[in-house]
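Everything in the first sequence is counted per this note's numbering, starting at 6 for the first residue and increasing by one.
C-beta atoms are modelled at their ideal positions from N, C-alpha and C, and glycine is treated no differently.
Computed from a predicted structure; not experimentally measured.
First the structure, in the form of structure tokens, and then the observations on it.
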Amino acid sequence: MSDEAQDLAEVRAEKLRQIEALGIDPWGHRFDNTTPIGSIRALPGEAFNEARPGPKVRVAGRLIRYRTAGKLLFLEIWDQTGRIQLMVRVNKITPTEWQLAQLLDLGDLIGVDGEFGKTRTDELTIQVEKLTFLTKSLEPHPKDVYGMGDIEYRLRHRYLDLIYTPDTLRRAHQRVKIIRTIRTHLDAQGYLEVETPTLHAIAGGAAARPFETHHNALDANLFMRIALELPLKRLLVGGIEKVYEIGRVFRNEGISPRHNPEFTMLELYQAYGDYHTMMDLTEGLIVACVDALGGDRTIPFGEKTVTFTPPFQRAKYAELFREHVGCDMYDESAVRAAARVEGIEPDGKAHDVIVQELFEDLVEEKLVGPVFVYDYPASLCPLTKRKRDDLRTAERFELYVHGMELANAYTELNDPVTQEQTFRQQLAGLPADESMAKMDEDFVRALRHGMPPAGGLGIGIDRLMMLLTNTQTIRDVILFPLLRPEAK
RNA sequence: GCCCCGUUAGCUCAAUUGGCAGAGCAGCUGACUCUUAAUCAGCGGGUUUUAGGUUCGAGUCCUAAACGGGGCACCA
6 MSDEAQDLAE VRAEKLRQIE ALGIDPWGHR FDNTTPIGSI RALPGEAFNE ARPGPKVRVA
66 GRLIRYRTAG KLLFLEIWDQ TGRIQLMVRV NKITPTEWQL AQLLDLGDLI GVDGEFGKTR
126 TDELTIQVEK LTFLTKSLEP HPKDVYGMGD IEYRLRHRYL DLIYTPDTLR RAHQRVKIIR
186 TIRTHLDAQG YLEVETPTLH AIAGGAAARP FETHHNALDA NLFMRIALEL PLKRLLVGGI
246 EKVYEIGRVF RNEGISPRHN PEFTMLELYQ AYGDYHTMMD LTEGLIVACV DALGGDRTIP
306 FGEKTVTFTP PFQRAKYAEL FREHVGCDMY DESAVRAAAR VEGIEPDGKA HDVIVQELFE
366 DLVEEKLVGP VFVYDYPASL CPLTKRKRDD LRTAERFELY VHGMELANAY TELNDPVTQE
426 QTFRQQLAGL PADESMAKMD EDFVRALRHG MPPAGGLGIG IDRLMMLLTN TQTIRDVILF
486 PLLRPEAK
């Protein structure tokens with residue numbers, strides 16, 4: 006902290022001592038029966054009139070503006086439902102309260118009782134009859150609602166960002182709304198919500214580097230989970246036929262506007278379904294979320310718009326590949342040639358890996374969507390059932406919107422012999438820790454006891470949030486995104 | 001991990017070609033009983049992120065570090 010900040014803080018500390026000297030506790034106490042500011046503003050406000058007093062109200066909030074006019078003070082306080090002006094007149098309160106009012110700083114929390122009405126200039130106002138001090142703010146707040154320009158400052162002081170940047174609070178509410186909608190939607194269809202461990206002995210279910218940790222008493226190395234998949238599928242074996250979890254997963258990877266090391270996933274599994282079941286479910290789920298936000302089904306995203314009108318477009322991976330890459334994805338020599346044209350070195354890579362790299366480079370960005378891309382190269386999908394008439398192809402789809410993967414789903418592989426083989430199979434060109442094929446003996450054993458044929462779906466909640474709330478960075482849909490620890 | 005950009009008062013930002021570090025808001029003192037991004041008079045406030053270097057002279061140029069942003073890589 007600089008000397009200057011200490012000066013401003015010192016002024017506040019001195020005021021705190023003066024408040025104490027008035028016999029007032031600067032840290033406040035229980036203050037019951039307040040009305041949210043938003044509700045007060047909804048009352049009919051009449052001009053102040055001694056003969057016909059307005060309703061008595063009680064509010065608590067944070068002081069965000071302070072204007073003096075001699076023996077008259079105008080304050081504004083804020084709570085999460087809005088802001089309102091207070092008028093403090095010297096002859097309406099006690100001398101001690103008046104002295105207290107002189108000692109207020111922006112950022113302090115106060116409570117008031119008073120009469121609700123309108124000033125001569127038609128501003129909804131509470132004329133203060135009793136002023137209660139609730140909490141001192143010892144640090145200066147940003148100058149006011151027009152500040153908060155520095156991203157790092159906002160992220161490291163999210164509590165201030167919530168107060169002074171309306172969008173931050175709005176997104177927090179929208180996030181809850183979306184997650185609640187998902188729960189309501191799934192619960193209504195008979196899905197059981199469960200919680201599975203975040204500490205795993207084997208970090209499986211996705212291709213990602215895990216965070217490592219250690220349990221002292223067991224002297225065991227453990228991993229933070231990178232996916233929810235494998236525990237949930239064990240529950241399918243256990244007879245929970247419709248199951249889901251909304252939970253945090255952790256991936257030890259780079260940070261970007263679309264990646265935070267911990268993020269929230271929805272995964273769900275339905276016994277006796279398949280990936281087409283999941284497509285219909287995904288559509289309903291996403292439209293329900295769009296509708297829950299209360300707007301139109303055509304929503305803005307940056308410079309673009311997205312229209313979530315079912316049914317969403319459905320396109321085969323192989324056909325999109327042919328259209329945008331210009332060759333048959335099963336034609337090995339043509340694919341290798343196309344790769345070289347794109348600057349992708351095909352040597353030493355498995356055919357399906359090259360195909361996928363071409364798809365990512367040439368096709369994804371063209372997918373405005375929402376579009377279900379389905380039937381993926383099988384070797385990229387070690388947990389997915391192959392098509393019964395085409396073993397090169399896996400019954401999997403991803404939902405794309407503006408090049409972003411919003412959902413990933415497949416018909417679950419329930420054949421333990423094939424599962425064990427794909428776990429053992431090392432995809433050429435991929436180092437071991439980048440493969441999603443991590444041998445999990447216990448999971449194979451579970452499958453050996455019989456997992457029903459099933460469809461499964463995963464949705465990254467944060468990216469869904471970004472898209473539905475027109476937010477360009479994942480940092481602003483997560484209240485506390487990971488930052489490097491502050492330098493001393 | 002690599003490349004590019006940024007960091008100046010509590011907050012938001014200026015500072016010409018390398019030539020006295022500034023403004024608004026916030027703060028302090030005072031005036032004002034209907035203000036509202038109040039107004040008026042006055043006053044303080046800086047290790048220009050950090051450490052070196054070049055120079056008569058560095059906010060400005062060079063090197064390195066810290067933190068942040070964007071991109072790449074990683075991430076099906």
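Around the Cβ of residue i, are there at least 16 other Cβ atoms within 10 angstroms (buried) or fewer (exposed)?
i	result
H178	exposed
E200	exposed
I479	buried
D113	buried
R22	exposed
A56	exposed
Y277	exposed
D467	buried
M522	This structure gives no information on residue 522, because the portion of the chain shown stretches from 6 to 493.
N38	exposed
Y379	buried
V62	buried
K371	exposed
D8	For D8, the pLDDT reaches just 34, beneath the cut-off of 50, and the residue's location in the model is therefore unreliable, leaving the point undetermined.
K135	exposed
D84	buried
P399	According to the sequence provided, residue 399 is Ala. The question's Pro does not apply to it. A399 is buried by the Cβ-count criterion.
Y280	buried
F485	exposed
N413	buried
E250	buried
D336	exposed
T130	buried
R239	buried
T302	The question names Thr, but residue 302 is Arg in the sequence shown. By the 10 Å Cβ count, R302 comes out exposed.
A433	Caution is warranted here: a pLDDT of 47 is assigned to A433, below 50, making its placement in the model unreliable, and the coordinate value is therefore given only provisionally. By the 10 Å Cβ count, A433 comes out exposed.
Q477	exposed
M6	Per-residue confidence for M6 stands at a pLDDT of 30, beneath the threshold of 50, marking its modelled position as unreliable; no derived number is given.
H34	exposed
V330	buried
L227	buried
Under the DSSP definition of a beta bridge, which residues are partnered with residue i?
i	result
Y274	V248, G461
R496	No statement about residue 496 is possible, as the shown extent of the chain runs from 6 to 493 and does not include it.
V133	G119
V373	Note: V373 sits in no beta bridge, so no partner.
V449	BP columns for V449 are empty, so no partner.
V254	F268
P49	DSSP lists no partner for P49.
V378	A320, E403
E198	Y249
Does the distance from the C-beta atom of residue i to that of residue j stay below 8 Å?
i	j	result
V242	G460	no
L48	P58	no
Y405	G374	yes
E258	P266	yes
D481	R176	yes
G210	K247	no
G122	T86	no
L80	V93	yes
G408	E369	yes
F377	M284	yes
M5	Y164	Here the chain comprises residues numbered 6 to 493, so residue 5 is not present and cannot be evaluated.
R230	F268	no
For the alpha helix (DSSP H) containing residue i, list its first residue and its last residue.
i	result
I359	356-363
L114	From DSSP, L114 is part of no alpha helix (DSSP H) but of the beta strand (DSSP E) over 114-123.
P179	Going by the sequence as given, residue 179 is Gln instead of Pro. Its alpha helix (DSSP H) spans residues 171-193.
Y335	Here Y335 belongs to no alpha helix (DSSP H), and DSSP marks it neither H nor E.
G210	Note, G210: premise wrong, no alpha helix (DSSP H); not H, not E.
P236	234-242
D467	466-473
R159	156-161
S44	42-46
For the beta strand (DSSP E) holding residue i, just list the boundary residues, first then last.
i	result
H220	217-220
G66	61-73
M229	225-229
Unbroken stretches of the alpha helix (DSSP H), 4 residues or longer, contained in the region 383-447: Segments of the alpha helix (DSSP H) lying fully in the region 383-447: 421-429.
With a floor of 4 residues, list each alpha helix (DSSP H) that falls wholly inside the region 258-303, ordered by position along the chain. Every unbroken stretch of the alpha helix (DSSP H) spanning 4 or more residues and falling wholly within the region 258-303 is given here in chain order: 280-297.
Going residue by residue through the region 76-119, where are the continuous beta strand (DSSP E) segments of at least 3 residues, counting only ones entirely within it? The region 76-119 contains these whole beta strand (DSSP E) runs: 77-84, 87-94.
Within the region 307-333, ranges of the beta strand (DSSP E) (whole runs, at least 3 residues): Counting only runs of 3 or more, we get 309-312, 318-321.
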